[in-house]
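For the sequence shown, my numbering begins at 38 and goes up steadily by one.
All residues carry an ideal CB built from backbone N, CA and C; glycine is no exception.
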Amino acid sequence: MTRKTNRSVPISTAHTQLGQQVKKLRPGEPVVLERHGKPVAGLVTMQDLAALQREQPSMTVLMAFNHAGGAAKTSSIRDIGYELSQLGYRVLLIDIDPQANLTSWLGVHDADGSRSLQPVLEDYAPLPEPYHVHGLDLIPSHLSLARTDARLPGFTNAEGRLRAAIEEIRAQGTYDFVLIDPPPSLGKLTANAANAADWVIVPVPARYKGLVALEGLREMLREYTRTNPRLRVAMYLVTQVENTAHSKDTQEVFQQILGDDLAGPLTYRPAVYNRCQPEGEPIGVNAPTSDARREIQQVVTTLLQRIGQADA
């Protein structure tokens, strides 16, 4: 875009002449607003603004969060990430759980600790080269992250180190989506994920323990937004739904409490999920025509609507 010489207008003049200045705008010719001789803002045409917005790298960072295990957190992140990639998005998955379930459930069993987040969290290293699996990029986890988790409280900026690395790749515009899978805990690894994320997906199992944990989940999310005000809940995703009265009643209570924030359900399908895990494949790869995959695809459609990217 060819730029002409900027016009400068004192902001005090613009207060009374803003309408005239807008009428005089021409493509490629911004008007700089000054206060006491210093530029403080600018006016551009809508078409120039659209061009500038297109030039800005756009990346959405999501994390899964539930401090209790057994909520289908990791499998949901795996399958949502895969379906986003199938829609043409560039997707990076980050496993920050020392148990490394996301890593192994994507078929990576020999990951080196140096290609995990350990150097990122301990030494402010950039994100390592990812593994390429099933059309996704994956930064794997490693058991050594358990030692990192123990060391982090002694470091400065102990909860903001992942965010620094994430912002580097955001500026590069390499990915459309980054999905982070932290451990089912409230430690520094999870806090790093929360401080790096834009949105959070909260899997809630349709069981009594899911209801019991709900208030604690919501309280922790409020705490995380104190240090990351941009963090918002994309959805509470009801999982582990069974054909029992208890499961159905629990889902109804979630609906009453969470309303439009609730998404899903994901049905408890052990024959499908238990096969995908040892074979290291997302449901979309292992069972491409299954009802389980159709449920995940519907969740992804809802997710894109919730975060304003349904037409992206």
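Query, Result
"Kindly identify the DSSP beta-bridge partner or partners of alanine 101.", "Ile238"
"Compute the distance between the beta-carbons of proline 219 and alanine 105, then report whether it is under 8 Å.", "no"
"So what's tyrosine 310 in DSSP terms, helix, strand or just coil?", "helix"
"Comparing the C-beta of leucine 268 with each C-beta of chain B, is any distance below 8 Å?", "Structure shown: chain B not included; a single protein chain is present."
"Under the rule that 16 or more other beta-carbon atoms within 10 Å means buried, what is leucine 80, buried or exposed?", "buried"
"Using the C-alpha atoms, what's the distance from proline 67 back to valine 290?", "54 Å"
"What first and last residue would you give for the alpha helix (DSSP H) that runs through leucine 199?", "198 to 209"
"Taking the Cβ atom as the reference point for each residue, do proline 135 and leucine 182 lie within a distance shorter than 8 Å?", "yes"
"Please report how far the alpha carbon of arginine 63 lies from the alpha carbon of valine 69, in whole angstroms.", "13 Å"
"Skipping 5 residues on each side, what residues in its chain have a beta carbon closer than 6 Å to that of proline 302?", "Val275 and Val278"
"Between the Cα of proline 215 and the Cα atoms of Glu204, Arg259 and Leu189, which residue gives the shortest distance?", "The question names proline, yet the displayed sequence has valine at residue 215. Per the Cα distances, Glu204."
"I'd like the list of long-range same chain contacts for histidine 20, defined as Cβ closer than 8 Å, with 5 residues on each side in sequence excluded.", "Because the chain is modelled from 38 through 349, residue 20 falls outside the range shown and cannot be assessed."
"Kindly identify the DSSP beta-bridge partner or partners of glycine 79.", "Val69"
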